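Undergrad:
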Amino acid sequence: DVKVTQSSRYLVKRTGEKVFLECVQDMDHENMFWYRQDPGLGLRLIYFSYDVKMKEKGDIPEGYSVSREKKERFSLILESASTNQTSMYLCASTLDSYGYTFGSGTRLTVV
Amino acid sequence: EDQVTQSPEALRLQEGESSSLNCSYTVSGLRGLFWYRQDPGKGPEFLFTLYSAGEEKEKERLKATLTKKESFLHITAPKPEDSATYLCAVYNAGNNRKLIWGLGTSLAVNP
Numbered sequence: 455d456v457k458v459t460q461s462s463r464y465l466v467k468r469t470g471e472k473v474f475l476e477c478v479q480d481m482d483h484e485n486m487f488w489y490r491q492d493p494g495l496g497l498r499l500i501y502f503s504y505d506v507k508m509k510e511k512g513d514i515p516e517g518y519s520v521s522r523e524k525k526e527r528f529s530l531i532l533e534s535a536s537t538n539q540t541s542m543y544l545c546a547s548t549l550d551s552y553g554y555t556f557g558s559g560t561r562l563t564v565v
Numbered sequence: 023e024d025q026v027t028q029s030p031e032a033l034r035l036q037e038g039e040s041s042s043l044n045c046s047y048t049v050s051g052l053r054g055l056f057w058y059r060q061d062p063g064k065g066p067e068f069l070f071t072l073y074s075a076g077e078e079k080e081k082e083r084l085k086a087t088l089t090k091k092e093s094f095l096h097i098t099a100p101k102p103e104d105s106a107t108y109l110c111a112v113y114n115a116g117n118n119r120k121l122i123w124g125l126g127t128s129l130a131v132n133p
């Protein structure tokens with residue numbers, strides 16, 4: 455059963471901490487995405503990657519960075535966590551931009 | 023500006039009461055329209071992809087249709103387990119692998 459795995463379901467971090475969210479897919483997909491989802495705002499794209507070591511900014515990249523050293527792994531980094539980054543974070547992958555497969559999500563709370 | 027609008031925001035049905043969810047879009051060069059189901063606290067789950075006006079797809083009690091301006095997700099004789107948020111997204115030719123998402127319709131089916 456193909457899947458996208460996010461390393462944590464729930465995280466609580468302190469303001470100013472550096473936070474790493476990990477995502478691994480086992481489908482050999484080229485394209486991977488990081489979204490955040492907030493009530494009333496829907497899914498907003500943070501960063502995406504269409505190849506190893508490649509990355510592109512999405513709609514809301516400020517305060518975030520990403521790393522893709524291997525095809526199967528796409529990491530989201532919060533350089534200095536702030537309370538307004540409290541959110542549900544969703545990772546997705548796709549072979550050709552048709553039919554994303556999403557992970558279960560990470561609920562991040564920054565206190 | 024490319025845009026996806028879903029209506030209604032929320033819908034409450036009695037078990038067995040059929041209805042439809044709407045996804046209207048304004049994009050240039052539609053390449054595909056996607057429907058997803060999202061349960062609380064989880065990542066979206068892929069349901070359907072529609073590529074051209076007139077296309078229809080079915081899965082159990084769900085049927086998705088597409089015109090040049092909108093898509094409908096018809097739910098026939100819903101059950102309580104169909105309760106979820108249904109998300110619509112579109113992919114257009116010039117959008118560099120990024121989907122444009124609607125805000126979703128929250129469906130509750132009462133027994």
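As given, the protein sequences belong to chains S and Z, one line each in that order.
To convert, take the position in the first sequence, counting from 1, and add 454; that gives the numbering used here.
To convert, take the position in the second sequence, counting from 1, and add 22; that gives the numbering used here.
Glycine included, C-beta positions come from ideal geometry on N, C-alpha and C.
Given the structure is predicted, the values throughout are model-derived calculations rather than measurements.
Quick one: which chain Z residues come within Cβ less than 7 Å of Phe654 (chain S)?
TA: The structure shown does not extend to residue 654 (chain S), since chain S is modelled only from 455 to 565, so the question has no answer here.
Undergrad: Run down chain Z in chain order and give the residues with a C-beta less than 7 Å from the C-beta of Phe556 (chain S).
TA: Chain Z residues near Phe556 (chain S): Gly65 and Pro66.
Undergrad: Could you run through the segment 487-500 of chain S and flag, in chain order, every residue whose CB is less than 7 Å away from some CB of chain Z?
TA: Answer in chain order: Gly496, Leu497 and Leu499.
Undergrad: Excluding five sequence neighbours on each side, which residues of the same chain lie with their C-beta closer than 8 Å to the C-beta of Phe502 (chain S)?
TA: For Phe502 (chain S), where only same-chain residues beyond five positions count, the Cβ hits under 8 Å are Asn485, Met486, Phe487, Trp488, Lys509, Glu510 and Gly512.
Undergrad: According to DSSP, is Thr89 (chain Z) part of a helix, a strand, or is it coil?
TA: Correct three-state label for Thr89 (chain Z): coil.
Undergrad: Please classify Glu476 (chain S): does DSSP put it in a helix, a strand, or coil?
TA: Looking at Glu476 (chain S) - three-state DSSP - the assignment turns out to be coil, as it is neither helix nor strand.
Undergrad: Excluding five sequence neighbours on each side, which residues of the same chain lie with their C-beta closer than 6 Å to the C-beta of Leu549 (chain S)?
TA: Here the set comprises His483.
Undergrad: Does the contact criterion of 3 or more C-beta pairs under 8 Å hold for the segment 63-72 of chain Z versus the segment 23-31 of chain Z?
TA: As far as the Cβ criterion goes, the segment 63-72 of chain Z does not touch the segment 23-31 of chain Z, which means the pair count is below three.
Undergrad: Let me know the secondary structure DSSP gives Thr540 (chain S) once reduced to three states.
TA: Correct three-state label for Thr540 (chain S): coil.
Undergrad: Ignoring anything shorter than 3 residues, give me the beta strand (DSSP E) runs that lie fully in the segment 30-115 of chain Z, in order along the chain.
TA: Segments of the beta strand (DSSP E) lying fully in the segment 30-115 of chain Z: 32-36, 41-48, 52-60, 67-72, 78-81, 84-88, 92-97 and 106-114.
Undergrad: May I ask you to list, following chain order, the residues of the segment 511-528 of chain S that have a beta carbon less than 9 Å from some beta carbon of chain Z?
TA: Residues passing the 9 Å Cβ filter: Gly512 and Asp513.
Undergrad: For Lys90 (chain Z), which residues of its own chain have a beta-carbon under 6 Å away from its beta-carbon, when the five flanking residues on both sides are left out?
TA: The answer, listed in chain order, is Ala75.
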